[in-house]
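Asks: Number 396 marks the last residue of the sequence shown (the working numbering); no jumps. Each residue gets a CB set at the ideal place from its N, CA and C atoms; glycine is no exception.
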Amino acid sequence: MFEVLKPLPPDAILGINELFSRDRDSNKVDLSVGVYQDEGGLTPVPKAVRLAEQQVIQAQTTKTYVAIAGNAEFNHQMELQLFGSSHRALCDGRISTVQTPGGSGGLSVAAEIICRAQPDTKIWLSDPTWPNHKPLLSLPGLKLQQYPYYDYVNHKINFEKMVSTMKTLGSGDVVVLHGCCHNPCGADLSPDQWGILAELFGQRGITPLIDLAYQGLSEGLEEDVYGIRLMAESLPEMIVVASCSKNFGLYRERVGAISIVLKDTKQAAATLSNTSNIARGIYSMPPDHGAAIVASIFCEEELRKLWIQELGEMRERINGLRRLLVDKLSEREPPQDFSFIANERGMFSFLGISRSQVIRLREEFHVYLVESSRINVAGINRSNVDYVSDAIVGVL
Ligand code: LMR
Numbered sequence: 001m002f003e004v005l006k007p008l009p010p011d012a013i014l015g016i017n018e019l020f021s022r023d024r025d026s027n028k029v030d031l032s033v034g035v036y037q038d039e040g041g042l043t044p045v046p047k048a049v050r051l052a053e054q055q056v057i058q059a060q061t062t063k064t065y066v067a068i069a070g071n072a073e074f075n076h077q078m079e080l081q082l083f084g085s086s087h088r089a090l091c092d093g094r095i096s097t098v099q100t101p102g103g104s105g106g107l108s109v110a111a112e113i114i115c116r117a118q119p120d121t122k123i124w125l126s127d128p129t130w131p132n133h134k135p136l137l138s139l140p141g142l143k144l145q146q147y148p149y150y151d152y153v154n155h156k157i158n159f160e161k162m163v164s165t166m167k168t169l170g171s172g173d174v175v176v177l178h179g180c181c182h183n184p185c186g187a188d189l190s191p192d193q194w195g196i197l198a199e200l201f202g203q204r205g206i207t208p209l210i211d212l213a214y215q216g217l218s219e220g221l222e223e224d225v226y227g228i229r230l231m232a233e234s235l236p237e238m239i240v241v242a243s244c245s246k247n248f249g250l251y252r253e254r255v256g257a258i259s260i261v262l263k264d265t266k267q268a269a270a271t272l273s274n275t276s277n278i279a280r281g282i283y284s285m286p287p288d289h290g291a292a293i294v295a296s297i298f299c300e301e302e303l304r305k306l307w308i309q310e311l312g313e314m315r316e317r318i319n320g321l322r323r324l325l326v327d328k329l330s331e332r333e334p335p336q337d338f339s340f341i342a343n344e345r346g347m348f349s350f351l352g353i354s355r356s357q358v359i360r361l362r363e364e365f366h367v368y369l370v371e372s373s374r375i376n377v378a379g380i381n382r383s384n385v386d387y388v389s390d391a392i393v394g395v396l
């Protein structure tokens, strides 16, 4: 039966990373896959994670199953982290949370629960968005649509166009928003823009699905959930999918969660039984290790402080690299302006160069980025920034 299957092209992001791994050139630079790298080009395990991991292993007496909904303490702490301990929806018991295998697992569960509740839902993705949103949110019945988001010419959000599209939507529509550090463009909604959208979504009955894969890597832990807390304050229903891959450096442990805000506690309980049932039907239950580490960091004051400090260092480093790259590029007097990179946030920005220039960067200079011209800013360091800047200006 498998003769019908034809080989597919490599993954748009991970495929580039594989090409990088095979390259033997000593100058090669990886700006492709969205993993944090330190000055030495390594993706470190944060100290807080190492310490928590030792405690988890020492305290563990069994490897029996945890639960379909995962680690209860992790789920509770994620709710506190996302919504804040005094948030009305949390105090009212209107949030239902299930631990998932990474944010991607959370997006899959989100698609299933939307489909179960309302099979003909239109799910609106930003143009552009993370390429994996599409397969993760595609289910028979659900209709994927795109709304305008990034203005590639002026390097900012085209908010007017975005709002005019939102004005044509209504109840039955789900809009996927990036909580912070937009992937791939790095252009985030301002507090005022979140406010306008929250009001519009309330008037029109639109349900937000907020993908939060980078909490703490834009402006700060609290600042980065401004939009989530605001929307959960004013809207009766919303979905949040969070990942702990990047902010805890737990990529391969697959730690994430889906939290759904509901109208009342009865609906929250009914939804929790459905998300649990969906999880059981896809992967039975999530892996334990990473969530146990996160729970122990959240619950121990010293570990938590250490993690917040390490997260702050990652954020500052990325923001510093943005400014450094802009300075290095402008010293070379390029024919196009790159100053917008310093105003964007998180790991990603588009360089705004053509696909053929991206390929030249790879083939002539061994600098690897996604073909859309998305760079992972965290792949730059003080030793390679001059080389990368020369290469970029060299292909313009
Ligand atoms: C990325 O966008 O590079 C990361 O989120 C990794 C991935 O899985 O695509």
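#1: Can you give me the Cβ contacts of ALA292 inside the same chain, cut-off strictly under 7 Å, excluding the 5 residues immediately before and after it?
#2: I think LEU361 touches VAL385, with their Cβ atoms under 8 Å apart; what is that distance to the nearest whole Å?
#3: Which residues mark the beginning and the end of the alpha helix (DSSP H) in which ALA110 is found?
#4: Given ASP38, which residues of its chain have a CB within under 6 Å of its CB, disregarding the five upstream and five downstream residues?
#5: Leaving out five residues on either side along the sequence, give the residues of the same chain with a beta carbon under 6 Å from the beta carbon of ALA198.
#6: Once the 5 residues before and after ALA257 are set aside, which same chain residues still bring their CB inside 7 Å of it?
#7: Using only the alpha-carbon positions, how far apart do GLU344 and ASP188 sit?
#8: So who's on the other strand from ALA242, going by DSSP bridges?
#9: Whose beta carbon lies closer than 6 Å to any heavy atom of the ligand LMR, going through the chain in order?
#10: Would you report the Cα separation of GLY34 and TYR251, rounded to the nearest angstrom?
#11: For LEU5, count neighbouring C-beta atoms within 10 Å of its own C-beta (all shown protein chains included) and say buried if the count is 16 or more, exposed if not.
#12: DSSP on VAL45, reduced to helix/strand/coil?
#13: Label THR271 either buried or exposed according to how many other C-beta atoms from any shown protein chain fall within 10 Å of its C-beta, with 16 as the threshold for buried.
#14: Where does THR275 sit, in a helix, a strand or coil, going by DSSP?
#15: Of the residues GLY346, ALA391, SER383, which one's Cα is nearest the Cα of TYR368?
#16: From what residue to what residue does the beta strand (DSSP E) around PHE348 run?
#17: Using only the alpha-carbon positions, how far apart do LYS122 and LEU136 sit?
#18: Quick one: using the 10 Å Cβ neighbour count with 16 as the cut-off for buried, is GLN215 buried or exposed?
#19: In angstroms, rounded to a whole number, what distance separates the CA positions of ILE297 and LEU80?
#20: Rounded to whole angstroms, how far is the Cβ of LEU177 from the Cβ of GLN146, which I believe are closer than 8 Å?
#21: Go through its chain and collect everything with a Cβ distance to VAL321's Cβ below 6 Å, but skip five positions before and after it.
#22: Put ILE341 into one of helix, strand or coil per three-state DSSP.
#23: Check whether the Cβ atoms of SER218 and VAL240 sit closer than 7 Å, and answer yes or no.
#24: Could you round the C-beta distance between PHE348 and CYS185 to whole angstroms and report it? I think they count as a contact, below 8 Å.
#25: Express the C-alpha separation of ILE68 and PRO287 in angstroms, rounding to a whole number.
#26: If we call anything under 7 Å between Cβ atoms a contact, is LEU351 one with SER330?
#27: Are VAL29 and VAL388 closer than 7 Å when you measure CB to CB?
#28: Suppose you measure from the CA of PHE201 to the CA of ILE353; what does that come to, to the nearest Å?
#29: From SER339 to ASN158, what does the alpha carbon distance come to, in whole angstroms?
#30: Roughly how many angstroms lie between the CA atoms of ASP11 and ALA110, to the nearest whole one?
#31: Quick check on this structure: which residue in ARG315, ASP337, PRO334 has the alpha carbon closest to the alpha carbon of GLY220?
Replies: Looking at the atomic coordinates:
#1: The residue you call residue 292 lines up with position 292 of the sequence shown. In the same chain as ALA292, and ignoring 5 residues on each side of it, the C-beta atoms closer than 7 Å to its own belong to VAL56, ASN71, in chain order.
#2: What you label residue 361 is simply residue 361 of the sequence shown in a count that begins at 1. What you label residue 385 is simply residue 385 of the sequence shown in a count that begins at 1. About 15 Å separates the two Cβ atoms, so there is no contact after all.
#3: Numbered from its first residue, the sequence shown carries residue 110 at position 110. Element bounds for ALA110: 102-117.
#4: Residue numbering aside, residue 38 sits at position 38 when the sequence shown is read from its first letter. For ASP38, where only same-chain residues beyond five positions count, the Cβ hits under 6 Å are PRO44.
#5: Here residue 198 refers to the residue found at position 198 when the sequence shown is read from its first residue. Contacts found: LEU230, MET231, SER234.
#6: On the sequence shown, residue 257 is found 257 positions in, with the first residue counted as 1. These residues qualify, in order along the chain: ASN75, MET78, THR97, VAL98, GLN99, THR100, GLY106, ALA242.
#7: Within the sequence shown, numbered from 1, the residue matching residue 344 stands at position 344. Within the sequence shown, numbered from 1, the residue matching residue 188 stands at position 188. Computed Cα separation, rounded: 7 Å.
#8: Reading the sequence shown from its first residue, position 242 is the one you call residue 242. According to DSSP, ALA242 bridges with LEU212, ALA257.
#9: ILE13, VAL33, GLY34, TRP130, ASN132, ASN183
#10: By one-based count along the sequence shown, residue 34 stands at place 34. By one-based count along the sequence shown, residue 251 stands at place 251. One C-alpha to the other measures close to 10 Å.
#11: In the sequence shown, counting from the first residue as 1, residue 5 sits at position 5. With fewer than 16 Cβ atoms within 10 Å of its Cβ, LEU5 is classed as exposed.
#12: Taking the first residue of the sequence shown as position 1, residue 45 is located at position 45. Reduced to three states, the DSSP call for VAL45 is coil.
#13: Numbered from 1 along the sequence shown, position 271 holds the residue referred to as residue 271. Counting Cβ neighbours within 10 Å, THR271 comes out buried, since at least 16 surround it.
#14: Taking the first residue of the sequence shown as 1, we reach residue 275 at position 275. In this structure, THR275 counts as helix in the three-state DSSP scheme.
#15: Taking the sequence shown and counting its residues from 1, one reaches residue 368 at position 368. For the residues GLY346, ALA391, SER383, the minimum Cα distance to TYR368 belongs to ALA391.
#16: As a first step, residue 348 must be located in the sequence shown, where it is residue number 348. Element bounds for PHE348: 348-350.
#17: Sequence index remark: in the sequence shown, residue 122 carries index 122 (1-based). Sequence index remark: in the sequence shown, residue 136 carries index 136 (1-based). Taking the straight line from one Cα to the other gives about 14 Å.
#18: Locating residue 215 in the sequence shown gives position 215, counting from the first residue. GLN215 should be labelled buried.
#19: Counting from 1 along the sequence shown, the entry for residue 297 is found at position 297. Counting from 1 along the sequence shown, the entry for residue 80 is found at position 80. Taking the straight line joining both Cα atoms gives about 13 Å.
#20: Working through the sequence shown from its first residue, we reach residue 177 at position 177. Working through the sequence shown from its first residue, we reach residue 146 at position 146. Not quite, the Cβ-Cβ distance comes to about 13 Å (not below 8 Å), so this is no contact.
#21: Here residue 321 corresponds to residue number 321 of the sequence shown, with the count starting at 1. The displayed chain sequence assigns Leu, not Val, to residue 321. Answer for LEU321: VAL377, ILE380, listed in chain order.
#22: Here residue 341 corresponds to residue number 341 of the sequence shown, with the count starting at 1. Reduced to three states, the DSSP call for ILE341 is helix.
#23: Here residue 218 refers to the residue found at position 218 when the sequence shown is read from its first residue. Here residue 240 refers to the residue found at position 240 when the sequence shown is read from its first residue. Not a contact, by the Cβ cut-off of 7 Å.
#24: The count along the sequence shown starts at 1 and reaches residue 348 at position 348. The count along the sequence shown starts at 1 and reaches residue 185 at position 185. The pair is a contact, with the Cβ atoms about 7 Å apart (cut-off 8 Å).
#25: As a position in the sequence shown, residue 287 is number 287, starting the count at 1. As a position in the sequence shown, residue 68 is number 68, starting the count at 1. Answer to the nearest angstrom: the Cα atoms are 10 Å apart.
#26: Your numbering for residue 351 matches position 351 in the sequence shown. Your numbering for residue 330 matches position 330 in the sequence shown. The answer is no: Cβ separation not under 7 Å.
#27: Position 29 of the sequence shown holds residue 29. Position 388 of the sequence shown holds residue 388. Yes, they are a contact pair.
#28: Position 201 of the sequence shown, counted from the start, is the residue given in the question as residue 201. Position 353 of the sequence shown, counted from the start, is the residue given in the question as residue 353. Cα to Cα, the separation comes out at about 35 Å.
#29: Within the sequence shown, residue 339 is the residue found at index 339, counting from 1. Within the sequence shown, residue 158 is the residue found at index 158, counting from 1. So the alpha carbons of these two residues sit roughly 18 Å apart.
#30: Along the sequence shown, read from residue 1 onward, the residue named residue 11 stands at position 11. Along the sequence shown, read from residue 1 onward, the residue named residue 110 stands at position 110. Taking the straight line from one Cα to the other gives about 23 Å.
#31: Mapped onto the sequence shown, residue 220 falls at position 220. Nearest option by C-alpha distance: ARG315.
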